[in-house]
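Shown next, in structure tokens, is the structure this report addresses.
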Amino acid sequence: MSISTGDVKRIARLSRIAVNDAESEAVLSQLNEILGLIEEMQAVDTSGIEPMSHAQEIVLRLREDVVTEKDQHEAFQKDAPQVEAGLYLVPKVIE
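Here the sequence shown is numbered in our numbering, starting from 1074 and rising by one per residue.
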């Protein structure tokens, strides 16, 4: 798939981008190169390839899920303007 100078100018107009003739020619060649690369990538047969989340098989080290800080809940609530049943009370914003 290739596009024309008219297509570039139309896209520029829709995007509210000012493009002169020299710029539209440069953009046209760049866009056609990109579209050619996309066509090449789409032509590759990937039917037997399993999807993967990363290009390399990396196993991340996981740490134990343990609490490392002391509980300061009560200390924080002492400074709060309004608290009830261990919860912070805030003004109603949405009716």
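Just so you know, even glycine gets a beta-carbon here, dropped at the ideal spot from N, CA and C.
Are the Cβ atoms of residue i and residue j separated by less than 8 Å?
{"i": "T1078", "j": "S1102", "result": "no"}
{"i": "I1076", "j": "N1105", "result": "yes"}
{"i": "M1074", "j": "E1112", "result": "yes"}
Smallest Cα separation from residue i: which of the options?
{"i": "K1151", "options": "L1162, E1137, E1142", "result": "L1162"}
{"i": "E1147", "options": "E1157, I1111, V1140, T1141", "result": "E1157"}
Quick one: using the 10 Å Cβ neighbour count with 16 as the cut-off for buried, is residue i buried or exposed?
{"i": "V1166", "result": "exposed"}
{"i": "V1081", "result": "buried"}
If you draw a straight line from the alpha carbon of residue i to that of residue j, how long is it in whole angstroms?
{"i": "P1124", "j": "L1133", "result": "19 Å"}
Residue i bridges to which residues according to DSSP?
{"i": "L1160", "result": "E1157"}
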